[in-house]
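Q: Once you've had a glance at the structure underneath, I'll fire off some questions.
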Amino acid sequence: MYFKEKYDIIKQLELFWVVKMAFYSEEFIDEIKSSNDIVDVVSGYVNLKRHGTTFFGNCPFHREKTASFAVTPEKQIFHCFGCGVGGNVISFIQKVENLGFKEAVELLAERAKIALPADNNYSQDESKDELKIKEYHKSQMYSINKEAGRFFHQNIYNSKLAQDYLTKRKLNISTIRKFGIGFALDDNSLFKHLKAMGFKEENMIATGLVGKTDKGILYDKFKNRLMFPIFDVRGRVVAFGGRAIGTHEELKEKHIPKYVNSPENLIYIKGKHLYGLNLAKQSTDKLKRILVVEGYMDVVTPHSYGVSNVVASLGTALTENQGKLLRQYAEEVVLSYDSDQAGQNAIMRGIDVLSELGVTCKVLQMQDAKDPDEYVLKYGRREIYIIN
Ligand SMILES: [Zn+2]
């Protein structure tokens, strides 16, 4: 009787979601549900054990020592006999990832490699027209970034300065291609190129690649920098990181910042992405272990030595959003930041964020190297088998 009552509540909840999700077709939602088996999805967060036709585990939504969280594959639903929460695979993701309905559907679509229906990509908070305009600007910004990435990459082949620098960093061409590393010249050629391609001024400025003087003259914001495109998990370029050419001392003397990154905008929010995750997550299975490092080169150099389960948090400390991404794609996280004070503080903060999310986390201490980039260059792949 008890179970039946609870099950009726789940049914009602499901009905509620059907009403709320009216902007996605029923067929699409069915596809999302049938392509994301609830046991598989929940197993990414909860250690489930089979009892007959039901799987049980410790509830991720309340603290408990006995497993009262049940998942029924036959009905594709979950229910907790402890705290009473229940629902389907979409409501599970909403709750566990703290996402809205639209975002949960997108995450599951991404997980199952299903393309989103273009016309329905808006939330219920905004009017359809406003959202269509916003979506248009976003798609233009993605296109501009993609084109800029190609343009910067092409520059590598024409710039001796860039080639010399990359040779010095021991980066081979296949790694440079894999990461789409490029070079920004100092002649406003990107702006001219984008303009010639027909992109609008406002969208170019919105990406942060192009600036405008008081007199209304447009110019390239990244100059004489090695360009690292930052991809989201879907493989779209959301931002760039630009490293100035020159040694630490030279740059300091000339007051040139070593790194300049794209500003936050419609398509880029700091702390929401992990550099290199688009490459690290390529296998469909969850990674056994993932190494989190600080900077671009700490990801790129290990890759060139065949170590691919490395991502960078791009900022000093790991954010909650990044922690959730890690939880989604790896079973265990290994933190490896610079050995300086800032790096050590970032490790403490990272441990807090990850343990709060219930992620198994370890810290990698390196001897005789200040970061993974330097370590791999010094010792090669063999000595770092632990992270692969
Ligand atoms: Zn519970």
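Counting along the sequence shown from 1, when you hit position 31 you're at 11 in my numbering, and nothing is skipped either side.
For glycine and all other residues, C-beta sits at the position ideal for the given N, C-alpha and C.
1) Grab me the residues of N245's own chain with a C-beta within less than 6 Å of its C-beta, minus the 5 sequence neighbours each way, in chain order.
2) Which one of I153, K148 and G129 has the shortest CA to CA distance from F171?
3) Should the region 69 to 76 be called in touch with the region 18 to 31, which here means at least 3 C-beta pairs below 8 Å?
4) Would you report the Cα separation of A47 and H59, rounded to the nearest angstrom?
5) On the DSSP letters alone, give me the boundaries of the alpha helix (DSSP H) that M277 sits inside.
6) Does DSSP put Y239 in a helix, in a strand, or in coil?
7) Could you tell me which of H42, D167, V69 and I225 sits nearest to G62, measuring between CA atoms?
8) Looking at I210 and H253, is the spacing between their C-beta atoms short of 8 Å?
9) As a quick check of your reading: which residues have a C-beta less than 6 Å from at least one non-hydrogen atom of ligand 1, in chain order?
10) Taking only runs that begin and end inside the region 172 to 221, name each unbroken alpha helix (DSSP H) of 4 or more residues, in chain order.
11) How close, in whole Å, do the beta carbons of L206 and A297 come, if the pair is a contact with beta carbons under 8 Å?
12) With distances taken between CB atoms, is the gap from G222 to V240 smaller than 8 Å?
13) Nearest to V272 by alpha carbon, out of C39, T299, I236 and Q56?
14) Output needed for A92: all residues of its chain with C-beta closer than 6 Å, excluding positions within five of it in sequence on either side, in chain order.
15) Please state whether the Cβ-Cβ distance between Y317 and E274 is less than 8 Å.
16) Have a look at S154, A224, N138 and C341 and flag the residue whose alpha-carbon is nearest the alpha-carbon of G286.
17) CB-CB under 7 Å to L87, same chain, minus the five flanking residues each way: which ones, in chain order?
18) Can you name, in chain order, every residue of its own chain whose Cβ lies under 6 Å from the Cβ of L294, other than the five neighbours on each side?
19) Quick check on the burial criterion: 16 or more other C-beta atoms within 10 angstroms. Buried or exposed for S139?
20) Under the assumption that I405 contacts A89 (Cβ atoms under 8 Å), give the Cβ distance between them as a whole number of angstroms.
A: So, to answer that:
1) Only A186 meet the Cβ criterion.
2) Checked all of I153, K148 and G129; the closest Cα to F171 is G129.
3) Flag = yes, the region 69 to 76 and the region 18 to 31 touch.
4) Answer to the nearest angstrom: the Cα atoms are 11 Å apart.
5) Per DSSP, M277 belongs to the alpha helix (DSSP H) from Y276 to S284.
6) Shown here, Y239 sits in a strand according to DSSP, grouped into three states.
7) Of the candidates H42, D167, V69 and I225, the residue whose Cα lies closest to the Cα of G62 is H42.
8) Result yes, Cβ atoms of H253 and I210 sit closer than 8 Å.
9) With the cut-off at 6 Å, the residues found are C39, F41, H42, F49, C60, G62, C63 and V65.
10) Uninterrupted alpha helix (DSSP H) stretches at least 4 residues long and entirely within the region 172 to 221 occur at 181 to 187, given in chain order.
11) Contact doesn't hold; Cβ gap of about 24 Å is too wide.
12) Their beta carbons are under 8 Å apart, which means G222 touches V240 by this criterion.
13) If we check each option's Cα against that of V272, T299 comes out closest.
14) The residues are S15 and N16.
15) Their beta carbons are under 8 Å apart, which means Y317 touches E274 by this criterion.
16) The option with the nearest alpha carbon to G286 is S154.
17) For L87, where only same-chain residues beyond five positions count, the Cβ hits under 7 Å are I73, E77 and L79.
18) Cβ within range, chain order: Y255.
19) By the 10 Å Cβ count, S139 comes out buried.
20) In this structure the chain extends from -19 to 368, so residue 405 is not present and cannot be described.
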